[in-house]
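Numbering-wise, our numbering comes out as the position in the sequence shown, counting from 1, plus 3. We treat Cβ as the ideally placed atom computed from N, Cα and C, and that holds for glycine. Just so it is clear, the structure is predicted and the values come from calculations on it, not from any experiment. Following: one structure in structure tokens, then a few remarks.
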Amino acid sequence: MDSYRSWEDFLDPEPQPKAASREQSATASEAPKSIAELFDNPDVPEGIKQLLRRHQQLERDLKRCAGIPVADDEEDPDARRKELAYPVFVHSKKTRIEQRKRRRVMERRQLFEKRHLEALRLERKRLLEAEEARLRAQAERERRLREARLAARRRREQARLEREREAMEERLQQRLMRAKQQVQQEQAVQRLQEKRLHEQRLEEVRDQLRHQRIAQRKEEALLEDRREMAVRKLEAKREEFARFS
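This is the structure:
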């Protein structure tokens with residue numbers, strides 16, 4: 004009977020770090036209980052609870068990334084559901100008083116901002132109206148000044164044009180007198196040339212008439228010679244006909 008050994012006798016002795024890891028796991032298993040108590044405690048602010056949830060989620064993500072298995076019992080389904088659910092703020096008497104105070108402060112601030120904006124709008128409107136009035140007055144002054152300058156420039160231009168017109172009329176009168184004299188001289192020269200041309204044409208006509216008379220006399224003489232010759236031929240033919248008959 005003393006030589007009998009069970010299967011536990013064949014196991015290797017567990018090292019000391021294993022015991023330490025067990026103690027760490029035991030403390031780790033106790034930590035979520037304290038955190039759960041913090042979650043259930045209504046005196047703990049909501050911001051701290053959110054930070055604790057974020058811490059737990061990051062710790063689980065680190066374990067998964069490191070390959071450490073995460074037991075299903077480590078995650079509380081109710082806590083997981085609360086974590087994924089939309090956070091609902093639980094009011095208390097103190098929070099409601101604070102909420103009313105904040106609401107009054109916000110209303111006063113909005114009213115002040117509204118009045119301030121209205122005052123700014125009225126001030127801006129007044130400044131714009133004053134600026135528009137100033138710009139209109141300045142534009143009116145500039146318009147009157149431009150009109151005065153234009154009138155003075157127009158008067159100077161009219162005076163200059165009048166002087167130029169008088170000078171131009173004087174030059175035109177002088178040109179007309181010179182042109183008239185030149186025309187008279189040209190007309191005299193033209194009359195003289197026409198007279199000479201007329202005399203030349205008369206002389207040419209006379210020469211033509213003289214030549215025509217000479218030619219006519221020659222033609223008359225030639226015709227007379229031809230008529231006499233025809234008469235002689237006719238008499239000769241009559242004589243010859245009378246001789247044969």
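Practice problem: Kindly indicate which residue of I71, E49 and R67 has the alpha-carbon position closest to the one of S95. | Solution: Residue nearest to S95 within the set I71, E49 and R67 is E49 (criterion: CA-CA distance).
Quiz item: By the 10 Å Cβ neighbour count, where 16 or more other Cβ atoms means buried, how is Q219 classified, buried or exposed?
Solution: It counts as exposed.
Quiz item: Hey, how far is the Cα of E243 from the Cα of V234?
Solution: The straight-line gap from Cα to Cα measures roughly 14 Å.
Practice problem: Provide the residue span of the alpha helix (DSSP H) that contains I217, from first to last. | Solution: Secondary structure note for I217: its alpha helix (DSSP H) is the uninterrupted segment K96 to F247.
Quiz item: Using the beta-carbon count (16 or more within 10 Å), is Q59 buried or exposed?
Solution: Label assigned to Q59: buried.
Quiz item: Are the Cβ atoms of L41 and L55 separated by less than 9 Å?
Solution: Yes; because the gap between Cβ atoms is below 9 Å, this pair is in contact.
Practice problem: In the DSSP assignment, find the alpha helix (DSSP H) that holds I51 and state where it starts and stops. | Solution: Unbroken alpha helix (DSSP H) run through I51: E49 to A69.
Quiz item: Which of helix, strand or coil does DSSP assign to Q46?
Solution: Gln is not the amino acid found at residue 46; the sequence shown has Asp there. DSSP, read as helix, strand or coil, puts D46 in coil.
Quiz prompt | 8 Å CB neighbourhood of I217 in its chain, flanking five on each side removed | solution = Short of 8 Å from the beta carbon of I217, and not among the five residues preceding or following it, lies no beta carbon of its own chain.
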